[in-house]
Amino acid sequence: MSRSPEPEVTIGFYTVDQSEFTGWTGGLLVLSASGRPLEFQCTLPVRPSRAHEILYGPTLRDYLIGDAIGALLVKRCRNLPSLLCCNQPEALQLESYCDSPVALVSEAAEKDEGPITDEMMPGYEWCELAGSTLRVAIERVDSVREIVTRLPNLPDLLEPFDRIREAINEAQKQIARVRAA
Amino acid sequence: MNHDLTVDIDPSMSLCGDSLVPRDSVPIVISEIELRSIPIKLQAIEVKAIGYQFPRSGGGIRIFRGGAGEDAVKPYSQPEALKPFDADAARQAATKARERIRNGKLTRIKPPADVVKLEDRLFYLLQPPLELLVGSEQLQFPFEPFPYQLDGIAFLFPRYAAVLADEMGLGKTMQAISTIRLLLCSGEVRNVLLICPKPLVSNWLREFSVWAPEIPVAAIEGNSPTRQWQWTSPDIAVKIANYELLMRDRDSVLDADQHFDLVVLDEAQRIKNQKNATSLIVREISRTRSWALTGTPVENSPDDLVGIFEFLSPGYLKTDMPLASIAKATRDHMLRRTKDMVMNDMPPKLYRDADLDLTPEQRATYEKAESEGVVQLENLDEQLTIHHVFELVLRLKQICNFDPASGSSAKLERLVADMEEVAASGHKAIVFSQWVNSIDQMRPSLERFGPLEYHGRVPHKQRDGILQQFKQDPTKHLILMSYGAGSVGLNLQFCRYVFLFDRWWNPAIEDQAINRAHRIGVAGSVTVTRMLMANTIEQRIAAVLNQKREMFDELFSDSASPRSVGMSREEIFGLFDIRSPKGRVAG
């Protein structure tokens, strides 16, 4: 018996790279269910002024990752993913800018944040995908679990963040070459 | 005694009680604090973005079996090529892939230097690492590829002009097939033409069935109408043609409506001569991508490489370019690895130079032939050409194999003695000779080892059967091969011994011959016995071969100061200690 066609499931990965020299650069990669790239959006490096640093204080990181950079990339994205994964807790805020559920990949976040525990994330449930733990807002967890069942081929949720960083590096090298010319 | 103290007080100069009480008020005016504001206007943080959408794997062959719609399209009309989707199997395969990438290095497809547009560069950079694809449910492989083979696939995938020049036996065929498979699956190419020497067509078909069983592939063969249909059939994703066929089917392959997304030349050294008919035809084939596969990109001089690049990218290399410039220009287009570089755990190749003395009969014949030959050469004086010298060389080499009058042969005596040991230990050997006549002469003495023959006089249709028999029949310990027929494309890694009964002019051809046995899958060390007659032309040729080997190493190293290469006319004439009448040999 043939399977009835199902709508295509895609998965997005979002991260922001911070460098003392270049600033904050965000990247959003949308992959097919088999892990192939469908779309890539990235920002040019963002450099907050001293005034921003003073006045935003400790909320600057939240603002850049969860609002300024993330919101723009989501807005520009033509192939909004069925599920958006991030490796920075601040990015969970993006759920207010898009219809897709946003999930924190615990193992990817733990590199910078240390162990992610239930106590640290009230209001979030967890589910598993490709050997990783996803932290998802309670009200979205059912829909994420349904999406997860349709991504059996996806082998890994950590590696795509490396792809984004490689792509950001390449874009920055290209910009530097253009400017030098 | 009493003294009175009398003090006069000046009231105007003194404070008294009344003075402390102010008689009237003194107002102090305090001005109001003036409030001023300095506005700090915090501008919004400006964020600019760039973005690209990439083509979905749209029209190519679909071998991915994911549940998503993208991967559910079936390719062509080969339902048997697709297994029913099995989510559990997919999860298991994904788990294996995850373990692989978390435990080892990742092989990423890197954009070539000549891909300039950021969008194109990102397209390659953002592809999944090969470790995620290989062996997963998406892309089944019969064996786990070696890491260097994944590097080879990552090299070929993004390139429109590429030479895969790995040493024989490292799996160029597998790397090419796997990359073609990936390109077909991703929709990057749809129509591939692979051109190889005729004896290797069946080998390619076999390898496709192993490494890419779902890809529709066919050899262009049969009568003219059949071939005409095959050339134009859109159902054959990969067409395999042999070089000789191109001449006959020139009109079909060069038809104005015929275009290939990728043309692959196997044993691409066949087109090193830019002017031969084959080179001219392959250069005219309408195509988007061009790859060359060869274990010997340079057989005689760097000009060989120029010929190959005329197919890949016409005009990119020039014949008069310095060696260092050629090496630099080709670096991004060519990938060459040797077994020493990548196969640390491969059994060694043990060379044994058998320096033998001619039998008395051979010595007498040899010395007479050489002295008379040299006299003849000298008598030719200004008429002397290099062909005269070659004729003498060949005659002397044949005497080194067998005395023409008596049939006496020191090499054969040694070969028979060695084969006793090889056969007794249950092993198998390959014997290479330049001449089929020499093979005929050695066969009677080798009968007890069950010799098989594989050379130009053996019909093509029988050759596969002979190889199968050699592999499977335990009484067949020996196969006698000519360099021409047996040096390329054959997998004989079950042989542990190789005998070079005579030496070829070109070390690359010798390497190809040896690597029939010393290749991936070899069970143990391979012993290579190079027969060499002492104090003869063979010893002098061996010295020249060593020089050529040095030139080859130089071209494929990063050496900045190449030495002079090529064989001068003086060196060739010097084999007989006679003077060249015309100076240096061109090229």
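Residue numbers (my numbering), protein chains in the order written: chain S, 1328 to 1508; chain F, 148 to 734.
Glycine included, every Cβ here is placed at the ideal spot set by N, Cα and C.
Just so it is clear, the structure is predicted and the values come from calculations on it, not from any experiment.
Excluding the 5 residues flanking residue i on each side, which residues of the same chain have their C-beta closer than 6 Å to its C-beta?
| i | result |
| --- | --- |
| F/Phe407 | Asn338, Leu340 and Arg434 |
| F/Tyr307 | Arg436 |
| S/Arg1472 | Cys1454 |
| S/Val1357 | Thr1337, Gly1339, Leu1365, Glu1366, Asn1406 and Pro1408 |
| F/Met481 | Val310 and Ala312 |
| F/Glu227 | Residue placement at F/Glu227 cannot be trusted, given a pLDDT of 37 that sits under 50; what the coordinates show is reported in the next sentence. Within the same chain, F/Glu227 has no close Cβ partners at all. |
| F/Gln416 | Thr441, Thr443 and Glu446 |
| S/Tyr1483 | The identity of residue 1483 of chain S in the sequence shown is Asp, whereas the question assumes Tyr. The answer, listed in chain order, is Ala1457. |
| F/Val522 | none |
| S/Leu1415 | In the sequence as displayed, the identity of residue 1415 of chain S is Gln instead of Leu. Result list for S/Gln1415: Ile1392, in chain order. |
State the start and end residues of the unbroken beta strand (DSSP E) segment that holds residue i.
| i | result |
| --- | --- |
| S/Thr1370 | Pro1364 to Thr1370 |
| S/Glu1452 | Tyr1451 to Leu1456 |
| S/Ala1464 | Ser1459 to Ala1464 |
| F/Trp582 | Element bounds for F/Trp582: n/a, residue is neither H nor E. |
| F/Ser437 | Arg434 to Leu440 |
| F/Asn389 | Val385 to Asn389 |
| F/Leu341 | Val339 to Cys343 |
Where residue i and residue j are concerned, what is the direct C-alpha to C-alpha distance, given to the nearest angstrom?
| i | j | result |
| --- | --- | --- |
| F/Val411 | S/Leu1410 | 41 Å |
| F/Val194 | S/Thr1352 | 9 Å |
| F/Ala196 | F/Ala236 | 40 Å |
| S/Gly1384 | S/Ser1376 | 12 Å |
| F/Ile327 | F/Gly334 | 10 Å |
| F/Leu330 | F/Ile324 | 10 Å |
| F/Ser460 | F/Thr532 | 36 Å |
| F/Gly671 | F/Pro494 | 5 Å |
| F/Gly612 | F/Ser426 | 32 Å |
| F/Val176 | F/Leu182 | 18 Å |
| F/Met160 | F/Val154 | 14 Å |
| F/Arg374 | F/Glu368 | 6 Å |
| F/Phe646 | F/Pro591 | 17 Å |
For residue i, which residues from the same chain have a beta carbon less than 8 Å from its beta carbon, with the 5 sequence-adjacent residues on both sides left out?
| i | result |
| --- | --- |
| S/Val1505 | none |
| F/Thr683 | Leu505, Tyr513, Leu543 and Cys547 |
| F/Ser711 | No answer about F/Ser711 holds up, because its pLDDT of 37 lies below 50 and its placement is not dependable. |
Locate the alpha helix (DSSP H) running through residue i, then write down its first and last residues.
| i | result |
| --- | --- |
| F/Asp565 | Ala557 to Ala571 |
| F/Tyr644 | Segment Tyr644 to Leu647 is the beta strand (DSSP E) holding F/Tyr644; no alpha helix (DSSP H) there. |
| F/Gln200 | First-last for F/Gln200: Ala196 to Gln200, but that is the beta strand (DSSP E), not the alpha helix (DSSP H). |
| S/Gln1345 | Run containing S/Gln1345: none in the alpha helix (DSSP H); it sits in the beta strand (DSSP E), Ile1338 to Ser1346. |
| S/Lys1500 | Glu1486 to Ala1507 |
| F/Cys332 | Lys319 to Cys332 |
| F/Thr477 | Leu470 to Thr477 |
| F/Cys547 | Ile533 to Asn548 |
Chain S partners of residue i, CB-CB under 8 Å?
| i | result |
| --- | --- |
| F/Val281 | None at all; the shortest Cβ gap to chain S is about 11 Å. |
| F/Ile248 | Pro1482, Asp1483 and Glu1486 |
| F/Ala244 | Pro1482 and Asp1483 |
Please list, in chain order, the chain S residues whose beta carbon lies closer than 9 Å to that of residue i.
| i | result |
| --- | --- |
| F/Pro276 | Glu1486, Asp1489 and Arg1490 |
| F/Gly198 | Leu1355, Glu1366, Phe1367, Gln1368, Cys1369, Leu1400, Arg1403, Cys1404 and Arg1405 |
| F/Leu340 | Within 9 Å Cβ-Cβ: nothing; F/Leu340 doesn't reach chain S, min ~26 Å. |
Grab me the residues of residue i's own chain with a C-beta within less than 7 Å of its C-beta, minus the 5 sequence neighbours each way, in chain order.
| i | result |
| --- | --- |
| S/Val1468 | Glu1452 and Cys1454 |
| S/Ser1361 | Asn1480 |
| F/Glu517 | Leu543 |
| F/Leu639 | Ile577, Arg663 and Ala664 |
| F/Ser708 | With a pLDDT of 36 at F/Ser708, under the threshold of 50, the modelled position of that residue is not reliable, and the figure given next carries that caveat. Closer than 7 Å at Cβ, skipping near neighbours: no residue. |
| S/Ile1396 | Val1343, Trp1351, Gly1353, Thr1370 and Val1373 |
| F/His535 | Leu524 and Leu527 |
| F/Gly603 | Val583, Ser629, Gly631 and Ala632 |
| F/His607 | Lys345 and Pro346 |
Got a sec: is the Cβ-Cβ distance from residue i to anything in chain B below 8 Å?
| i | result |
| --- | --- |
| S/Ile1396 | Looking at the structure shown, chain B is missing, and the protein chains on hand are S and F. |
Which residue wins for smallest C-alpha separation from residue i, given the options the options?
| i | options | result |
| --- | --- | --- |
| F/Val489 | F/Tyr295, F/Glu685 and F/Leu272 | F/Tyr295 |
| F/Asp382 | F/Glu391, F/Leu393, F/Leu401 and F/Glu361 | F/Glu361 |
| F/Leu303 | F/Asp528, F/Ala439, F/Leu627 and F/Ala501 | F/Ala439 |
| F/Leu627 | F/Leu152, F/Phe596 and F/Ala571 | F/Phe596 |
| S/Ser1427 | S/Ile1491, S/Phe1488 and S/Cys1413 | S/Cys1413 |
| F/Leu541 | F/Trp652, F/Ile185 and F/Val154 | F/Trp652 |
| F/Phe648 | F/Ile418, F/Asp587, F/Glu514 and F/Leu702 | F/Asp587 |
| S/Ala1284 | F/Pro346, F/Leu269 and F/Glu278 | Here chain S covers residues 1328 to 1508 and nothing more, so residue 1284 of chain S does not appear. |
| S/Cys1404 | S/Asp1389, S/Gln1368 and S/Ala1436 | S/Gln1368 |
Using the beta-carbon of each residue, which ones in chain F are nearer than 9 Å to residue i?
| i | result |
| --- | --- |
| S/Leu1382 | Ile187 and Leu189 |
| S/Pro1408 | By Cβ distance, chain F contributes nothing, its closest Cβ being about 12 Å from S/Pro1408, past 9 Å. |
Which chain F residues sit within Cβ distance under 8 Å of residue i?
| i | result |
| --- | --- |
| S/Ala1494 | Leu269, Leu272 and Leu273 |
| S/Val1373 | Ile192, Glu193 and Val194 |
| S/Ala1378 | Ile187 and Leu189 |
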